[in-house]
Amino acid sequence: MTTIAELPPGFADKVLSAQSTFRSVMDAMARPGSVQRIVPMAGTPGPMMRGTAAIALTLFDHDTPLWLDARMSESFDVVKWLKFHTGAPVVQDSSIAAFALIADGLALPPLERFALGSSEYPDRSTTLILQVDSLEAGRAFELHGPGIDGVATLQAAIRPADLFERLRVNEALFPRGIDVVLVADEAVVAIPRTTRVVNKGS
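In the working numbering, the protein residues as written are 188 to 389.
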(Lines of atoms letter the chains of each structure in order from A; the text may use other names.)
(Lines give C-alpha, C1' and ligand atoms only; values in the text may rest on other atoms or scores of the structure.)
Protein backbone atom coordinates (compact mmCIF):
# COMPACT_ATOMS: atom_id res chain seq x y z
CA MET A 188 0.00 0.00 0.00
CA THR A 189 1.41 3.37 -1.01
CA THR A 190 1.68 6.09 1.61
CA ILE A 191 1.29 9.77 0.75
CA ALA A 192 5.05 10.17 1.07
CA GLU A 193 5.58 7.47 -1.55
CA LEU A 194 3.16 8.92 -4.11
CA PRO A 195 4.80 10.27 -7.27
CA PRO A 196 5.28 14.03 -6.90
CA GLY A 197 3.35 16.60 -8.88
CA PHE A 198 4.92 19.55 -10.68
CA ALA A 199 8.30 20.69 -9.40
CA ASP A 200 7.29 24.28 -10.25
CA LYS A 201 3.52 24.40 -9.98
CA VAL A 202 2.88 27.79 -11.57
CA LEU A 203 5.24 27.55 -14.53
CA SER A 204 4.41 23.92 -15.29
CA ALA A 205 0.65 24.53 -15.08
CA GLN A 206 0.94 27.57 -17.36
CA SER A 207 3.03 25.63 -19.87
CA THR A 208 0.66 22.64 -19.84
CA PHE A 209 -2.41 24.87 -20.16
CA ARG A 210 -0.84 26.59 -23.16
CA SER A 211 -0.07 23.22 -24.80
CA VAL A 212 -3.67 22.03 -24.33
CA MET A 213 -5.11 25.34 -25.60
CA ASP A 214 -2.80 25.25 -28.64
CA ALA A 215 -3.92 21.67 -29.31
CA MET A 216 -7.58 22.73 -29.10
CA ALA A 217 -7.01 25.76 -31.35
CA ARG A 218 -5.14 23.68 -33.95
CA PRO A 219 -6.88 20.29 -34.06
CA GLY A 220 -4.65 17.45 -35.23
CA SER A 221 -1.41 19.27 -34.41
CA VAL A 222 0.89 17.40 -32.03
CA GLN A 223 1.75 19.53 -29.01
CA ARG A 224 4.35 18.67 -26.38
CA ILE A 225 3.82 18.79 -22.65
CA VAL A 226 6.95 19.39 -20.61
CA PRO A 227 7.52 16.15 -18.71
CA MET A 228 6.91 16.28 -15.00
CA ALA A 229 8.41 14.46 -12.06
CA GLY A 230 6.43 11.24 -11.77
CA THR A 231 3.19 9.53 -12.68
CA PRO A 232 1.13 6.88 -10.93
CA GLY A 233 0.38 3.42 -12.31
CA PRO A 234 -1.08 3.37 -15.83
CA MET A 235 -1.18 7.18 -16.17
CA MET A 236 1.04 8.73 -18.87
CA ARG A 237 3.07 11.86 -18.20
CA GLY A 238 0.90 14.04 -20.41
CA THR A 239 -2.27 12.81 -18.70
CA ALA A 240 -0.80 13.52 -15.27
CA ALA A 241 0.24 17.04 -16.31
CA ILE A 242 -3.25 17.75 -17.68
CA ALA A 243 -4.79 16.46 -14.45
CA LEU A 244 -2.58 18.73 -12.34
CA THR A 245 -3.47 21.69 -14.56
CA LEU A 246 -7.20 21.32 -15.23
CA PHE A 247 -8.68 19.27 -12.37
CA ASP A 248 -9.84 20.64 -9.03
CA HIS A 249 -12.54 19.96 -6.44
CA ASP A 250 -15.18 21.35 -8.86
CA THR A 251 -14.40 18.94 -11.71
CA PRO A 252 -16.13 15.55 -11.33
CA LEU A 253 -13.89 12.89 -12.78
CA TRP A 254 -14.71 9.47 -14.24
CA LEU A 255 -12.00 6.81 -14.48
CA ASP A 256 -12.08 3.72 -16.66
CA ALA A 257 -11.47 0.35 -15.02
CA ARG A 258 -7.71 0.33 -15.61
CA MET A 259 -7.38 3.76 -13.96
CA SER A 260 -9.87 3.20 -11.15
CA GLU A 261 -8.39 -0.19 -10.23
CA SER A 262 -5.02 1.47 -9.62
CA PHE A 263 -5.03 2.51 -5.98
CA ASP A 264 -2.07 4.80 -6.68
CA VAL A 265 -3.93 6.68 -9.44
CA VAL A 266 -6.99 7.31 -7.27
CA LYS A 267 -4.89 8.37 -4.29
CA TRP A 268 -2.59 10.56 -6.42
CA LEU A 269 -5.53 12.36 -8.05
CA LYS A 270 -7.20 12.95 -4.71
CA PHE A 271 -4.00 14.22 -3.09
CA HIS A 272 -2.81 16.47 -5.94
CA THR A 273 -6.09 17.72 -7.46
CA GLY A 274 -8.95 17.13 -5.01
CA ALA A 275 -11.17 16.23 -7.97
CA PRO A 276 -14.11 14.04 -6.92
CA VAL A 277 -14.10 10.64 -8.66
CA VAL A 278 -17.65 9.76 -9.72
CA GLN A 279 -19.18 6.42 -10.73
CA ASP A 280 -21.76 8.06 -13.02
CA SER A 281 -20.02 8.98 -16.29
CA SER A 282 -22.95 11.21 -17.32
CA ILE A 283 -22.01 13.85 -14.72
CA ALA A 284 -18.25 13.81 -15.33
CA ALA A 285 -16.43 16.94 -16.49
CA PHE A 286 -13.47 14.77 -17.53
CA ALA A 287 -12.98 11.07 -18.20
CA LEU A 288 -9.57 9.41 -18.05
CA ILE A 289 -9.30 6.44 -20.39
CA ALA A 290 -6.25 4.16 -20.14
CA ASP A 291 -7.82 1.26 -22.07
CA GLY A 292 -9.41 2.52 -25.27
CA LEU A 293 -10.72 -0.95 -26.12
CA ALA A 294 -13.04 -0.67 -23.10
CA LEU A 295 -14.27 2.84 -23.96
CA PRO A 296 -17.99 3.02 -23.07
CA PRO A 297 -20.54 4.27 -25.62
CA LEU A 298 -20.13 8.05 -25.92
CA GLU A 299 -23.82 8.52 -25.08
CA ARG A 300 -23.00 7.49 -21.50
CA PHE A 301 -20.99 10.69 -20.99
CA ALA A 302 -22.31 14.21 -20.46
CA LEU A 303 -23.14 15.68 -23.88
CA GLY A 304 -24.02 19.18 -22.70
CA SER A 305 -27.41 20.85 -23.04
CA SER A 306 -28.78 23.39 -25.51
CA GLU A 307 -28.41 26.10 -22.85
CA TYR A 308 -25.01 24.89 -21.62
CA PRO A 309 -23.28 22.99 -24.45
CA ASP A 310 -19.97 23.32 -22.62
CA ARG A 311 -21.23 21.14 -19.77
CA SER A 312 -20.07 17.99 -21.48
CA THR A 313 -17.40 15.43 -20.70
CA THR A 314 -13.93 15.91 -22.12
CA LEU A 315 -12.36 12.52 -22.82
CA ILE A 316 -8.64 12.19 -22.14
CA LEU A 317 -7.71 9.04 -24.02
CA GLN A 318 -4.27 7.47 -23.79
CA VAL A 319 -3.07 6.05 -27.12
CA ASP A 320 -0.04 4.13 -28.37
CA SER A 321 1.34 6.80 -30.71
CA LEU A 322 0.55 10.21 -32.17
CA GLU A 323 3.34 10.02 -34.74
CA ALA A 324 3.02 6.56 -36.28
CA GLY A 325 0.09 4.40 -37.34
CA ARG A 326 -2.95 4.98 -39.50
CA ALA A 327 -3.31 8.30 -41.32
CA PHE A 328 -6.33 10.49 -40.73
CA GLU A 329 -7.50 13.68 -42.43
CA LEU A 330 -9.00 16.38 -40.25
CA HIS A 331 -11.26 19.22 -41.34
CA GLY A 332 -12.93 22.03 -39.46
CA PRO A 333 -12.34 25.29 -37.54
CA GLY A 334 -8.70 25.94 -36.69
CA ILE A 335 -7.50 23.87 -39.65
CA ASP A 336 -6.27 25.52 -42.85
CA GLY A 337 -7.77 23.20 -45.44
CA VAL A 338 -6.77 19.75 -44.25
CA ALA A 339 -4.61 18.51 -41.36
CA THR A 340 -3.09 15.04 -41.39
CA LEU A 341 -2.62 13.01 -38.23
CA GLN A 342 -0.77 9.71 -38.00
CA ALA A 343 -1.76 7.82 -34.89
CA ALA A 344 -2.13 4.39 -33.34
CA ILE A 345 -5.47 4.67 -31.56
CA ARG A 346 -7.75 2.24 -29.80
CA PRO A 347 -10.65 1.84 -30.25
CA ALA A 348 -9.99 1.72 -33.99
CA ASP A 349 -13.44 3.16 -34.67
CA LEU A 350 -13.03 6.16 -32.34
CA PHE A 351 -13.51 8.73 -35.09
CA GLU A 352 -16.54 6.91 -36.48
CA ARG A 353 -18.05 7.07 -32.99
CA LEU A 354 -17.28 10.79 -32.76
CA ARG A 355 -19.50 11.44 -35.78
CA VAL A 356 -22.30 11.67 -33.22
CA ASN A 357 -20.95 15.21 -32.67
CA GLU A 358 -22.28 16.31 -36.06
CA ALA A 359 -25.87 15.65 -35.03
CA LEU A 360 -25.38 16.99 -31.50
CA PHE A 361 -23.67 20.30 -32.29
CA PRO A 362 -23.26 22.67 -30.42
CA ARG A 363 -23.42 19.90 -27.83
CA GLY A 364 -20.91 17.07 -28.06
CA ILE A 365 -17.75 15.41 -26.81
CA ASP A 366 -14.26 16.90 -26.99
CA VAL A 367 -11.33 14.48 -27.00
CA VAL A 368 -7.71 14.92 -25.99
CA LEU A 369 -5.40 12.14 -27.18
CA VAL A 370 -2.25 11.55 -25.13
CA ALA A 371 0.83 9.47 -26.04
CA ASP A 372 3.35 9.95 -23.24
CA GLU A 373 4.00 13.73 -23.36
CA ALA A 374 2.54 14.28 -26.85
CA VAL A 375 -1.01 15.66 -27.03
CA VAL A 376 -3.54 16.07 -29.87
CA ALA A 377 -7.00 17.58 -29.44
CA ILE A 378 -10.08 16.59 -31.43
CA PRO A 379 -12.72 19.19 -30.54
CA ARG A 380 -16.38 18.50 -31.30
CA THR A 381 -16.18 20.78 -34.38
CA THR A 382 -13.50 18.64 -36.04
CA ARG A 383 -14.39 16.03 -38.67
CA VAL A 384 -12.00 13.14 -39.17
CA VAL A 385 -11.67 10.86 -42.20
CA ASN A 386 -9.64 7.67 -42.22
CA LYS A 387 -7.11 7.78 -45.09
CA GLY A 388 -6.39 4.09 -44.81
CA SER A 389 -3.23 2.46 -43.56
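Every residue, glycine too, gets a C-beta built ideally from N, C-alpha and C.
> Based on the DSSP output, what are the partners of ASN386 in its beta bridges?
Replying inline: PHE328
> Using a Cβ-Cβ cut-off of 7 Å (strictly less than) and excluding sequence neighbours within five positions of ILE283, which residues of its own chain qualify?
Replying inline: PRO252, ALA302
> What residue from PHE271, ARG258, ALA359 has the CA that sits closest to LEU295's CA?
Replying inline: ARG258
> With a cut-off of 8 Å, do at least 3 Cβ pairs link the segment 321 to 328 to the segment 273 to 293?
Replying inline: no
> Can you tell me whether DSSP reads GLN342 as helix, strand or coil?
Replying inline: strand
> On the three-state DSSP scale, how would you describe SER207?
Replying inline: helix
>> Please identify the residue among TYR308, MET228, PHE286, GLY238 whose C-alpha is closest to the C-alpha of HIS249.
In response: PHE286
> Is LEU330 near THR381, with beta carbons less than 8 Å apart?
Replying inline: no
> What number of angstroms, rounded off, separates the C-alpha of PRO347 from the C-alpha of GLY292?
Replying inline: 5 Å
> Where do the ends of the alpha helix (DSSP H) carrying ASP264 lie?
Replying inline: 263 to 272
> In angstroms, rounded to a whole number, what distance separates the CA positions of LEU315 and ASP366?
Replying inline: 6 Å
> Under a three-way DSSP split, which group does THR245 fall into?
Replying inline: helix
> Roughly how many angstroms lie between the CA atoms of THR340 and SER306, to the nearest whole one?
Replying inline: 31 Å
>> For the alpha helix (DSSP H) containing LEU350, name the first residue and the last one.
In response: 350 to 353
> Considering only C-alpha positions, which residue in the set LEU246, LEU244, GLU299, PRO232 is nearest to ALA359?
Replying inline: GLU299
> Could you check where the alpha helix (DSSP H) with VAL356 kicks off and where it finishes?
Replying inline: 356 to 360
> Does the pairing of the segment 206 to 224 with the segment 261 to 268 give three or more beta-carbon distances under 8 Å?
Replying inline: no
> Which first and last residues belong to the alpha helix (DSSP H) in which ALA257 is found?
Replying inline: 257 to 260
> Residues in its own chain within less than 6 Å of MET235 by CB, not counting five upstream and five downstream?
Replying inline: VAL265
>> Give me the residue from PHE361, TRP254, ASN386 with the minimum Cα distance to ASP310.
In response: PHE361
> Who does VAL277 pair with in a DSSP beta bridge?
Replying inline: LEU253
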